[in-house]
Amino acid sequence: MRTYLCLAACLVLVAGCQRSQPEKTAGTAADAAPQAPAAPKEPELPKPVPAELPDVIARVNGETISREDLEEAVRGFQANSGTEVRPDNRSEVYRGVLDELIAFRLLNAELASRKIDIDAGELDAAMADLRQRFPNEAAYRRALADQKLTAEQLRERTKQTLLMNRLLEQEVGDNTQVSPSEVAKFYEENPDRFQQPEAVRLSHILIGVPQDAGEAQRKAARGRAADLAARARKGANFASLAKQHSQDASRDRGGDLGFVVRGQAQKPFEDAAFALQPGEVSDPVETVYGFHVIKAGEKRPAQKVPFGQAAAQVEEYLREERRQDAVRQFVDRLRTSGKVEILI
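Listed below in structure tokens is the structure:
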């Protein structure tokens, strides 16, 4: 089921809630819509949100949105998006989240008027998918604790999200067709969005060194890294060495870091990595994390992502834009026909 609406109120732990956008990576497309031809306008600043919030923030068809509701939703937004609420963006974030809460209440009221349900199997599958987004049980439990949620509360919120999506499927449907000419036009009008930077596929072995380590500890770590580099050059399997000796999470993948583009890593690591030829192993490279032994794989020159690789994601991006526009129009209709009072 597609997610038609990302509500901070009910998707506290779900990663990737932001609107889907094509990425600037191999085989993917743009990460922004084409620019309008009109001259840019000064953005309208949101009305300031008071430093001390009242107990009641808003009412939607007589149902209150409390200060606790808003603050909890803002915490969820920060957890999902990684956005830090600062003095210069506080009003924008709070009002954006409040709009989502209002939309949620409007949709919930509409949901109550329609006979919509989901079965237990669908909810179980959604919970399993959510659980798989965390690397292990401890990380999942930490996320629950950080958001002050129980597993049962998360399950109820996930159910509510599924019900909302079912409602929006009924209302919006899938009438968001995108023609091949529209896809081609987006691709042609946004050439900068399809530039694939120079990259190299890398594996590494990290021998960690605490930042407050003494010279003897640092020398021992460098010697251990140099020994591993020598073994790799003599033919030892690099992935096996990484699994046995590396001291970061990539050891579970045999040290594989995937494709790394320029500007993504610390400069000493990057300089050494891009100087290697495919199959070559570096001498120990020191960063703030310790000493790395790097092995280079395939090199990928800077180039424009071919249209054939980008087309499918561009089409889905444009379809998603239209779906979200249709959802916003639906919520606007509910807002017009209902009664919404904002008290801040």
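My numbering puts the first residue of the sequence shown at 24, with every later residue one more than the last. The C-beta atom is built at its ideal place from N, Cα and C for all residues, glycine as well.
R224 and N159 have their C-alpha atoms spaced approximately 26 angstroms apart. Cβ neighbours of R345 within its own chain (closer than 8 angstroms, five residues either side excluded): T199, V201. With contact defined as three or more Cβ pairs closer than 8 angstroms, the stretch 201 to 220 and the stretch 304 to 316 are not in contact. A straight-line Cα-Cα distance of about 11 angstroms links M150 and L185.
The Cβ-Cβ distance between E133 and L190 falls below 8 angstroms. Here R82 is bridged, per DSSP, to T87, E364.
DSSP places V308 within a strand segment (E or B) once states are collapsed to three. In terms of Cα proximity to P324, the closest of V116, G105, R137, R285 is R285. Nearest to F209 by alpha-carbon distance, out of A333, F353, I367, is A333.
In this structure, the straight-line span from the alpha carbon of L251 to that of G144 is close to 49 angstroms. Taking C-beta atoms as the reference points, R128 and E364 fail to come closer than 8 angstroms. 8 angstroms or more divides the Cβ of G278 from the Cβ of A298. Across the structure, E94 and E192 are spaced so that their CA atoms are roughly 29 angstroms apart. Of the candidates N131, G231, G237, N213, the residue whose Cα lies closest to the Cα of S273 is G231.
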